[in-house]
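>
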């Protein structure tokens, strides 16, 4: 909940509403990943992300 | 007021604790976990900081993370959106990390802190500080200056890849910001990759390779022209604009578009196994010169904007001591101060200082001369009793010296005989450089020393240079520099009177032939272009190390010697007596001094460890 609150406050401050559908979609993907047990692999590159 | 700063999850995680105006403790996680550039949550470093101060976690006024994850997330989404559909591969790779972990950083940090603390951390104030503000604060608030221009230059934080700020008293006002994807740090990393070194750890190798380039060759000029025309436009204010059709890092999984670079420079991306050739060295020199030009122009802009007489630096690019030396020599500023942990680890300290002075508004005292780093000796220290316990574990015979003078005289004598000494004393250093508490030392006059250290002790590439430690009061006898360089972050030339004449056609020689040509009377630390990355030893901050320098000077007349970090290639610098003894036995080091205890290699039991190099990266 704390994260969702942070996200909401962040979007309010930055006024970047177009990010909302992307974030929602990502959270759904995220949930699928968490329940699916997949792993995240970082590539060999300067850690820009 | 007590504040704990944390950096983690990207590279070089670390923790730093400040109490009142004092930096109590600071350390990088890799030193405890023995995993180079460890980016995991710094539980061990936090535990060390709290134990050192004797404080429970809930006695802290705040815990602060060095970066703002949501801003970074915004940058990622906007970048993918701007480049779509090109960034799909990176998007698919990056997003799982975010939706599983990084978006929930607040919870993750609280959970990790709870694991360190052993109970709920809900009442602890958890703050987030912008990445470049963390760097700027680590540079300015730790510096001796009441007022200064502040430059931060690195790969990338949230959006910013560089900034110019004005620091005054307990305030920092940001004046300019360079934004992703245009980044001096990433530009340098792109060349690091192209020339066959590891991104984010091989940049200093690239810097060390640059002097092997031929400074009078038209090829270097041609490379500089290509870089400035095709890869990066440099404005008069030092800001840069990179042609992203040549780079891949914004959307892909590598730094550069290799086909484009091969066409531009005429050779394929080098791999680590490929022999270094003259054109590699020339390109390293070209990008180093371009880097220096950008740093100097940015500094000039900072001077114009702030009018300050001093300048502070942080961010990974501030570890480029050749560029730092060029800035010092430019005479643009009266004072130059660089955070010893200029990379991301230092963000932990900067974030803590920013919270103290900016968030809580606490005043800052400075005397204009003394910085707040206490020599950067902020890590763990071990008693002679703990050293004895480590020795007993390995059944290692040693001799305890009751007189420290006798010990330093013995060490000086051994160095004079060409021996290599492991020197382990007091608190571990903060930052990537060993500054005389976790160091390997030897005689800089010895013509065989560089080869011996590189190949038999550090197990690293033969071209890599070594740095000198020099008594501050003797520095100008050896180097063309009068300013202190306590953190080994400045490069200066060896004075002309000590240099040997170069043979005709020297610059056209193969780098291997240049390497072992005796360039001065202190060849082990005189790099191919007569430069040296020096550390000045100060009696006030490290009396024991200073005493070694004095003893060596008394014996030989030379107040300078080789200092390299106490580790082997791919290994973090040693932290504990156990780490130090293992490193000592794995290599051809001749003797080891830990505290007052002297270990002679010839008297040690046989060491039959196999496969230890597999532990290293």
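Protein chains in written order, with the working numbering: chain A, 1 to 49; chain B, 1001 to 1617.
Beta carbons: idealized from backbone N, C-alpha and C, even for Gly.
Restricting to Cα atoms, I'd like to know which of B/1104, B/1145, B/1239 is closest to residue 1366 of chain B.
B/1145
> By DSSP's criteria, residue 1594 of chain B is part of a beta bridge. Which residues make up the other side?
B/1424, B/1597
> Is there a Cβ from chain B that is less than 8 Å from the Cβ of residue 27 of chain A?
By this cut-off, residue 27 of chain A is an interface position.
> By the DSSP assignment, the beta strand (DSSP E) with residue 1310 of chain B in it spans what residues?
1310-1314
> Kindly indicate which three-state DSSP category residue 1219 of chain B falls into: helix, strand or coil?
The answer is helix: DSSP assigns residue 1219 of chain B an H, G or I state.
> Is the stretch 1305-1316 of chain B close to the stretch 1336-1343 of chain B, with three or more CB pairs under 8 Å?
yes
> Determine, using beta carbons only, whether residue 1297 of chain B and residue 1236 of chain B come nearer to each other than 8 Å.
yes
> Going by C-alpha to C-alpha distance, which of B/1506, B/1075, B/1589 sits closest to residue 14 of chain A?
B/1075
> Whose Cβ in chain A lies nearer than 7 Å to the Cβ of residue 1104 of chain B?
3
> Secondary structure at residue 1522 of chain B, three-state DSSP: helix, strand or coil?
coil
> Where does the unbroken alpha helix (DSSP H) through residue 1578 of chain B begin, and where does it stop?
1577-1586
> I'd like the ranges of any alpha helix (DSSP H) spanning at least 4 consecutive residues and lying wholly in the stretch 1255-1316 of chain B.
With a minimum length of 4 residues, the continuous alpha helix (DSSP H) runs that stay inside the stretch 1255-1316 of chain B are 1258-1265, 1278-1306.
> Alpha carbon to alpha carbon, what distance is there between residue 1531 of chain B and residue 1473 of chain B?
Put simply, the backbone Cα of residue 1473 of chain B is about 19 Å away from that of residue 1531 of chain B.
> Go to residue 1110 of chain B, then tell me how far its alpha helix (DSSP H) extends in each direction, as first and last residue.
1105-1117
> Consider the Cβ of residue 1379 of chain B: report whether some Cβ of chain A lies at a distance smaller than 8 Å.
no
> In three-state DSSP terms, what is residue 1090 of chain B?
helix
> Look up residue 1494 of chain B in the DSSP assignment and say whether it is helix, strand or coil.
For residue 1494 of chain B, the secondary structure class from DSSP, reduced to helix, strand or coil, is strand.
> What three-state label does DSSP hand residue 1196 of chain B in the structure shown?
DSSP, read as helix, strand or coil, puts residue 1196 of chain B in coil.
> Within its chain, find whatever has a CB closer than 7 Å to the CB of residue 1357 of chain B; leave out the 5 residues flanking it on each side and keep chain order.
1141, 1170, 1364
> In angstroms, rounded to a whole number, what distance separates the CA positions of residue 1017 of chain B and residue 1258 of chain B?
A direct Cα-to-Cα measurement between residue 1017 of chain B and residue 1258 of chain B gives close to 43 Å.
> So that I know if they touch, is there some Cβ in chain B lying closer than 8 Å to that of residue 48 of chain A?
So yes, residue 48 of chain A belongs to the interface.
> Thinking C-beta only, is residue 1375 of chain B closer than 8 Å to residue 1435 of chain B?
yes
> Whole-angstrom Cβ separation of residue 1038 of chain B and residue 1013 of chain B, contact assumed at under 8 Å?
6 Å
> Could you tell me which residues DSSP pairs with residue 1359 of chain B in its beta bridges?
DSSP, once it has assigned bridges, lists no residue as partnering residue 1359 of chain B.
> Provide the residue(s) that pair with residue 1042 of chain B in DSSP beta bridges, ordered along the chain.
BP columns for residue 1042 of chain B are empty, so no partner.
> Does the contact criterion of 3 or more C-beta pairs under 8 Å hold for the stretch 1401-1414 of chain B versus the stretch 1380-1391 of chain B?
At 8 Å Cβ cutoff, the stretches do not touch.
> In this structure, how does DSSP classify residue 1233 of chain B when only helix, strand and coil are distinguished?
strand
> Would you please state the rounded distance, in angstroms, between the beta carbons of residue 1443 of chain B and residue 1265 of chain B? I believe it to be under 8 Å.
Contact flag wrong, Cβ pair sits at about 40 Å.
> Tell me the DSSP secondary structure of residue 1604 of chain B in three-state form.
coil
> Measure from the C-beta of residue 24 of chain A to each C-beta in chain B and report whether the shortest distance is under 8 Å.
no
> Is residue 1066 of chain B buried or exposed, if buried means 16 or more other CB atoms sit within 10 Å of its CB?
buried
> Where does residue 1412 of chain B fall in DSSP's three states?
helix
> In angstroms, rounded to a whole number, what distance separates the CA positions of residue 1158 of chain B and residue 1554 of chain B?
52 Å
> Under 9 Å Cβ-Cβ, which residues of chain B neighbour residue 15 of chain A?
Residues of chain B passing the Cβ test: none, with the nearest at roughly 11 Å.
> Going along chain A, which residues have a C-beta under 8 Å from residue 1200 of chain B?
46, 47
> Run through DSSP, which three-state label would residue 1558 of chain B get?
coil
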